[in-house]
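Heads up: the structure comes next, in structure tokens.
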Amino acid sequence: MSEAVDTAPEAGALGWLGRLSRGLAIAGGIMTVAIALMVTTSVLLRGGANFVNPWSVPLGVRVGAIPGDFEIVQMVTALAAFAFLPWCQARRGNVIVDTFTTRLPKRAQAGLDAVWDVVYSIMMALIAWRLAEGAADAIRSHTTTMVLLVPVGPAIAGCAVMALFLAVIALATAYVRVTARQ
């Protein structure tokens with residue numbers, strides 16, 4: 005079994021891209037914690053706890069949950085997931101199946117890893133393109149969530165930008181793998 009962390013490019017090898025991907029992952033973590041706190045609050049309110057819901061109208065009316073909590077969870081979870089992916093790629097944290105390549109020389113293994121990084125980059129660029137098209141369509145048609153009426157286009161656009169950034173990170177890790185001294 006190989007240790008993916010030991011073969012990961014150092015943060016310095018990716019330079020500002022690595023630092024940006026780390027910062028994005030931290031932002032994703034903050035979003036995840038915020039969503040967890042909101043869901044916990046909503047469940048407590050729904051469970052009949054004797055709290056006054058500050059999101060209810062008029063203020064002071066007891067209601068069962070935070071209105072539109074599921075819509076917020078959907079959007080922020082998608083954003084957080086895309087925020088984690090570039091750091092995962094930068095640290096080579098994706099699942100690696102190397103059953104048949106462990107006997108190859110390190111240089112050949114690095115070359116194969118670089119090829120798969122490029123394939124991953126192409127796939128993420130394709131996903132980014134389609135997300136950008138979806139965001140443009142959602143913005144053009146003024147698509148909103150059902151309860152809160154929050155526009156969904158900006159969230160989709162954010163995911164598109166992060167998917168494109170992931171494609172760039174995957175190309176950068178491929179370059180580092182090919183140019184690193186074995």
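Counting from 5, one number per residue, gives the positions in the sequence shown under this note's numbering.
Think of the CB as a built atom: it goes at the ideal place given N, C-alpha and C, for glycine as much as any other residue.
Bear in mind the structure is a predicted one, so any value in this text is a computation, not a measurement.
One Cα belongs to alanine 118, the other to glycine 32, and the distance between them is close to 26 Å. Threonine 36 carries a helical assignment under DSSP once its states are collapsed to helix, strand and coil. Between the region 109 to 127 and the region 21 to 41 there are fewer than three inter-stretch CB-CB distances shorter than 8 Å, so the stretches are not counted as touching. Residue state for proline 155 is assigned as strand, using DSSP reduced to three classes. Boundaries for serine 145: no alpha helix (DSSP H) harbours it, and the DSSP string shows neither H nor E there.
Leucine 18 and alanine 136 do not touch by the CB rule: their CB atoms are close to 24 Å apart, not below 8 Å. When the alpha-carbon of lysine 110 is set against those of Arg181, Leu24, Arg23, Ser25, the nearest one is in Arg181. The C-beta of serine 145 has fewer than 16 other C-beta atoms within 10 Å across all chains shown, which makes the residue exposed. In the DSSP assignment, valine 77 falls within the unbroken alpha helix (DSSP H) covering 73 to 94. A Cβ-Cβ separation of about 4 Å places alanine 142 in contact with glycine 157 under the 8 Å criterion. By the CB criterion at 8 Å, proline 90 and isoleucine 160 fall outside the cutoff. For the set Met128, Met127, Ala164, the Cα lying nearest the Cα of glycine 138 is the one of Ala164. Under the three-state reduction of DSSP, isoleucine 30 is assigned to helix. Apart from sequence neighbours up to five positions away, the residues of its chain that approach isoleucine 131 with a beta-carbon distance below 6 Å are Ala167, ordered along the chain. Here alanine 69 is actually not in contact with serine 125; their C-beta atoms are around 41 Å apart, not less than 8 Å.
Our two residues, isoleucine 100 and threonine 183, have alpha carbons roughly 20 Å apart in a direct line.
Contact check for alanine 29 against phenylalanine 88 passes: the beta carbons are separated by less than 8 Å.
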